[in-house]
Amino acid sequence: MVNVHDTLSATPEILNGTIEVTKSVVELGSKLDIAKGAIQVVGNAADSITPFIPLIGLATTIINEVISIYQQAEYNKKIISALYDRTKLAEYAVDTLQRRKKFYESNFKRQDWYDAFNRFVDVLKDIRNFAKEISTIRGYQKYLKSYSIKDKFEELSVKYDTVMKDLNFTLAVSNEEQRRYDNECLMDDVAEMKEFLQNIDGGVINTNQMMNTVIEELRLMRISLESGKGPVTKPKQIAQSDLTDPLIADDSDFRGSNKKIVRKSYKTTINVACIPFVLNEMDQEGYDRKDKQLVILSKLSECTNILKFYGLANLDGLNHLVVEWAQYGTLRETYEAYDIPWTRKLHIATDICRAITFLHSAEIYHHDLRCENVMLTDHLEPKLANFEYARGASGTTSSIGDLMRIVHWLAPEKMIDKNTRYTAKCEIFSFGMLLWELTFEVSPYQGWDMDKVQAHVLQGKREKITFGPAANERESDIQKCLEYVIREAWKQKPQCRISLLNLFNTLERLQTKYKNVVEQELGLLPQKTLDLDGTGTPIFSDADAEGEGMELPECENFTLDFEIDTMITLEEGIKAHKNRDYDKAWKCFEYHALNGSAYAKHWMGYYLWEGRSVEKNQEEAARLFKEAADKGIHDAQLRYAFTLQKSLGKKKERDEFIKYLTLAADGGNSTAQFNLGDAYTNGKLNIPKDEKKGLHYLKLSALQSHPNAVKLLGKMKVDFNNEEST
């Protein structure tokens, strides 16, 4: 018999905390700033439209977010394009609604039409959330575990068409031509993703075609670093006795301008570089931050194409970074000393793309892609290095003082405004410039000053692409492939640049085609062996000019001369809950739940379960939790699982508990991760003991500062930031 009290460790406080710390959407006030145009237009409208103003503002904001997701998407671009089409139709419908307010005046006074408009906003939210999920590997894998991309897309399409009809919007997409287009988008993207996941390797995907678990750990560690919160972490310390002089000395054992980078043997067999590293122990905050950065660097080493960081060592009283030894130095140093054969260039380009994919999967951008930051091993394997400027995908751009050093690889949108948010599209542009540099073995715009480079690039002009004669069909194919990828990567408009997925698949296909090339044809060649560009004449081409946006007029005051039963948005309801205005919050959650919002059902269930501002009804709460859980609301999955805790002695209920607890844990809920990790580690709930899986979930929970997870790992003497236990 299972002892329920010994099995479950989530206290009411922790469960309540799960609700309290649920990431709420940005509050409506700031949302409406983005949607200023929508509100300004309706400011002059007839009074009847007034109750709809917050909804129109919210709809406009969501539409803008979907547009942004579409423009930045690196995966499933065609599916997101189909969702984007629906969003643009919705945008047109909202615009028409405002311009023809007199025509719709009678509808504005109907309660059922107001309710339908709330459902319309909810559908737009669902479209936004789905598009955001499938635009990343992390979000996409959710649909490999539960139901398919196709099922979710069709569900959203039906909901969208239904609510558009409920509102009598004549714009519809439910026709045969649209269905055929949707199906083509689904088929193409699913096939592209399948090919990508099968070939990406590099530590991104495991043998089960799922994202490497270390990537989620990296993401959480990066969030902890940027927020300044979370547990203090320490990099691995390497004893000086484990670092010995190499058996065979070489002139290249000492590197750097002052020859302070030294080659050593780690544990007698591994060649490493020891790099002097200064830690200011007087600056505790900066000291802790550096430590966290180094721990993240050690995790990045899971990627086979990122330079491995082994730890910190104190050599003769000085701190040193201990990293993988790169025999050929940087990629730039290599091409300055040798010619790199075309087939080897293709291999190098593909492997660097793997490293970038690994970083982006953990929501980290490198910010400084160029050949000088790629190291080359004795086997000519590229290793991405120098993460000085690396930042999270949602973090602010680093202030880069030496702009002159990187401007030759910098995206035009960053040249215009250094405060512009750095995106994946900026990284794609820089990668395109790196590929040009690798292709022609010279720095782009060599000898140009910063102003000249900026003026040139902002006019839509680029470096020349002119090849020397190819020796055979293989070299010709590689040249054509590199030219295509480079041109697609450095397009002026960010949204027009090639996606990381398509970039990788393009390179990988050609590499697979020529996988049987003999090793002799992959080795480095003496300088000037290859005629890389055919000429030395600089030729540049113009690109299309970019358009600008437009300003909207100021909003005017208006009055209300009739009444309709309006309701605050779900976001405002969550804000009311946080402010302990429970009556107001309950009315909001009840309204939106009855109007079909899955997230509101989760909140309504919580209030019914706790009896907050309403009579307690835990049976109805459990039903609502399950409905929301089955729609992918992770907090609801945890809540529903714990409604079953009194019946865990029964196999059916126990299996159901584990199923939903796992869904919540895989969705990032730290309480679920702790309980699942505890169960696997200690064999609770009759789950077969699996310490590896248990430690994985416990680490993820601890990285989110879950107190019980941190405490349990401490008892187990496990350092959750490093692979080795202490």
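Numbering (this note's numbering), first residue to last: 120 to 845.
Built from N, CA and C at the ideal position, the CB exists for glycine as well.
By the CB criterion at 9 Å, V391 and W444 fall inside the cutoff.
Judged by their CB atoms, H479 and A530 are not nearer to each other than the 9 Å cut-off. The residue among F171, I394, I334 with its C-alpha nearest the C-alpha of L286 is F171.
Cβ contact annotation for A589 (same chain, cutoff 7 Å, sequence separation greater than five): S595, Q598, in chain order.
CA-to-CA, the gap between I693 and G833 works out to about 35 Å.
In terms of Cβ geometry, L649 and P460 form a close pair [threshold 9 Å]. Judged by DSSP in its simplified three-state form, E560 adopts coil rather than helix or strand. Closest in alpha carbon position to Y279, among Q792, W722, A201, is A201. With 16 or more neighbouring CB atoms inside 10 Å of its own CB, V441 falls in the buried class. If you draw a straight line from the Cα of N237 to the Cα of Y718, it is about 13 Å long.
Annotation for A712: A719, K720, M723 place their beta carbon closer than 6 Å to its own, counting only its chain and skipping 5 residues before and after. Pairing N226 with F288, the inter-Cα distance amounts to about 12 Å. In this structure, DSSP gives S420 a state outside helix and strand, which the three-state scheme calls coil. Q230 sits exposed, since fewer than 16 C-beta atoms from the chains shown fall within 10 Å of its C-beta. For the pair of segments examined, the segment 304 to 324 was found not to touch the segment 445 to 464: the number of CB pairs separated by less than 8 Å stays below three. For the set K284, I182, W555, N621, the Cα lying nearest the Cα of T206 is the one of I182. Assigned with DSSP and collapsed to three states, T215 falls in helix. For the pair A784 and L437, the Cα-to-Cα distance works out to about 42 Å. The alpha-carbon separation between Q412 and Q356 amounts to approximately 14 Å. When beta bridges are read from the DSSP output, F428 appears opposite V442. Here T363 carries a strand assignment [DSSP, helix/strand/coil]. Residue burial annotation: Q756 is buried, with at least 16 other C-beta atoms found within 10 angstroms of its C-beta. DSSP, read as helix, strand or coil, puts D749 in coil. Exposure of L644 is indicated by the presence of fewer than 16 other C-beta atoms within 10 angstroms of its C-beta. According to DSSP, residue pairing for P350 in a beta bridge does not occur. Cβ atoms of N195 and Y300 stay farther apart than 8 Å, at about 15 Å. Nearest to T281 by alpha-carbon distance, out of Y262, A209, T215, E690, is A209.
Counting of Cβ neighbours within 10 angstroms places H485 among the buried residues, the total reaching 16 or more.
DSSP links S384 through a beta bridge to T363, N390.
With fewer than 16 neighbouring CB atoms inside 10 Å of its own CB, M523 falls in the exposed class.
Counting C-beta pairs with one atom in each stretch, the segment 787 to 796 and the segment 813 to 830 have three or more that are closer than 8 Å, which means they touch. Rounded to whole angstroms, the separation of the alpha carbons of L743 and P173 is 27 Å. Relative to the Cα of R218, the nearest Cα in the group I188, D749, I175, K706 belongs to I175. Taking one beta carbon from each stretch, the segment 602 to 609 and the segment 577 to 593 have 3 or more pairs nearer than 8 Å; the two touch. With a beta-carbon spacing of about 11 Å, I547 and L620 fall beyond the 8 Å limit used to define contacts. With a cutoff of 9 Å on beta-carbon distance, L767 and R773 are scored as near each other.
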